[in-house]
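Peer 1: Numbering (this note's numbering), first residue to last: 62 to 313.
Using N, Cα and C, we set each Cβ at its ideal position, and we do this for glycine too.
Fair warning: this is a prediction, and the values are worked out from it, not measured in the lab.
Have a look at this one.
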Amino acid sequence: MGSPVTAILGLGREVGDAAARRFHEIGHNVLAADSSGDRLLTAQNAMPEKVLLHLGDLHTKLGLRNAVAAAVEGFGRIDNLVVIPSIEQPDSIHDFSQEKFDKALAKTVRGAAQCLKVFAERIADQADLPTAGAERIRQRGTVTFVLSYSALATMPGRFTESVTQAGVLGVVRAGSLELAEAGIRVNAIVAIRPREEKMETWTGKRTPLGRAALADEIADAAAFLASPEAAIITGEVLRLDGGRSGLAGILD
């Protein structure tokens with residue numbers, strides 16, 4: 062078997078670019094996909110030339126199948142997904158609109174579930190298993206979701222974002238059990254991401270390490286969770302929060 066194949070579904074603002082670079086550096090073939098042509102054009106300058114780019118919808122069954130098919134067509138197989146769901150614009154319960162809310166749930170939470178289903182169907186068609194070393198049980202595939210910190214802890218003004226990001230965690234926990242027998246591991250990274258530090262001036266006061274996670278640090282965590290070294294890890298949430306979860310109150 063050749064090099065592992067990893068697809069980055071959704072680029073976010075910086076994290077997807079960093080993930081594509083990191084997986085390429087460790088020898089993976091990489092496809093980077095996004096629903097925004099402008100975002101892909103911007104990312105193209107930040108990624109190695111050998112990274113394949115795919116433009117298309119990433120929350121419907123057809124769109125996800127097309128993205129996975131593009132990776133298989135380009136590299137012959139698929140081994141890992143790194144999924145970066147879109148983050149909803151700030152809103153409150155007072156702004157609640159059923160139509161808007163249902164659309165956000167379908168795009169993010171249902172899209173995450175569809176992602177697992179499409180990936181599992183493709184993995185089932187791949188007869189060979191990647192070698193993970195004689196001392197390890199082989200893994201057939203991995204899916205890692207990269208979420209905002211609102212998936213775990215929220216604040217006023219992020220109602221829809223918090224509900225949808227937390228909903229994806231439910232998909233991770235349930236999906237990891239459903240797909241364990243198939244040799245597919247499902248995990249999540251929850252991080253104080255660079256965009257949050259830019260939006261919130263108090264990030265330093267609420268984070269013992271004083272900053273958000275760097276895009277490259279999130280990419281490194283994703284690479285670890287996809288690696289054979291993490292072959293026993295599934296259904297877990299890796300926090301990149303600089304110690305915030307253990308802090309009561311605000312730092313001076």
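(1) Would you tell me roughly how many angstroms separate the C-alpha atoms of S306 and G124, rounded to the nearest one?
(2) Please classify E258: does DSSP put it in a helix, a strand, or coil?
(3) What residue range does the beta strand (DSSP E) around N248 cover?
(4) List the residues that DSSP assigns as beta-bridge partners of V66.
(5) Between the alpha carbons of H85 and A292, how many angstroms are there, rounded?
(6) Between Q187 and F180, what straight-line distance do the alpha-carbon atoms span, to the nearest angstrom?
(7) Considering just the uninterrupted stretch of the beta strand (DSSP E) at L208, what are its terminal residues?
(8) Among all the DSSP beta bridges, which residues are the ones paired with N314?
(9) So, is A280 buried or exposed, given that buried needs 16 or more other C-beta atoms within 10 angstroms?
(10) Mind checking who D95 pairs with in its DSSP beta bridge?
(11) So who's on the other strand from L101, going by DSSP bridges?
(12) How about G296 and V233: do their beta carbons lie closer than 8 angstroms?
(13) Kindly list the residues whose CB is nearer than 8 angstroms to the CB of E196, restricted to its own chain and excluding five residues on each side of it in sequence; keep chain order.
(14) Which residue from E134, R100, P217 puts its Cα closest to that of R74?
Peer 2: Let me spell this out:
(1) One-based indexing of the sequence shown puts residue 306 at position 245. One-based indexing of the sequence shown puts residue 124 at position 63. Spanning the two alpha carbons is a distance of roughly 36 angstroms.
(2) Along the sequence shown, one-based indexing puts residue 258 at 197. The pLDDT assigned to E258 is 48, lower than 50, so where the model puts this residue is not dependable; a value taken from the coordinates is nonetheless given after this. DSSP places E258 in helix when its eight states are reduced to three.
(3) Mapped onto the sequence shown, residue 248 falls at position 187. Residues 245 to 252.
(4) Translated into the one-based positions of the sequence shown, residue 66 becomes position 5. Note: V66 sits in a beta bridge opposite N90.
(5) For this step, residue 85 is matched to residue 24 along the sequence shown. For this step, residue 292 is matched to residue 231 along the sequence shown. So the two alpha carbons sit approximately 20 angstroms from each other.
(6) Within the sequence shown, residue 187 is the residue found at index 126, counting from 1. Within the sequence shown, residue 180 is the residue found at index 119, counting from 1. Cα-Cα distance, rounded: 11 angstroms.
(7) Here residue 208 refers to the residue found at position 147 of the sequence shown. Segment 202 to 209, the beta strand (DSSP E) holding L208.
(8) It is not possible to answer for residue 314, since the shown part of the chain is limited to 62 through 313.
(9) Indexing the sequence shown from 1 puts residue 280 at position 219. It counts as buried.
(10) By 1-based counting over the sequence shown, the position of residue 95 is 34. Per DSSP, L116.
(11) Along the sequence shown, read from residue 1 onward, the residue named residue 101 stands at position 40. DSSP output for L101 lists no bridge partner at all.
(12) As a first step, residue 296 is located in the sequence shown; it is residue number 235 there, counting from the start. As a first step, residue 233 is located in the sequence shown; it is residue number 172 there, counting from the start. Contact: yes.
(13) By 1-based counting over the sequence shown, the position of residue 196 is 135. For E196, the predicted model reports a pLDDT of 47, less than 50, meaning its position is unreliable; a value from the coordinates is still stated below. Excluding sequence neighbours, E196 sits near nothing in its chain.
(14) One-based indexing of the sequence shown puts residue 74 at position 13. If we check each option's Cα against that of R74, R100 comes out closest.
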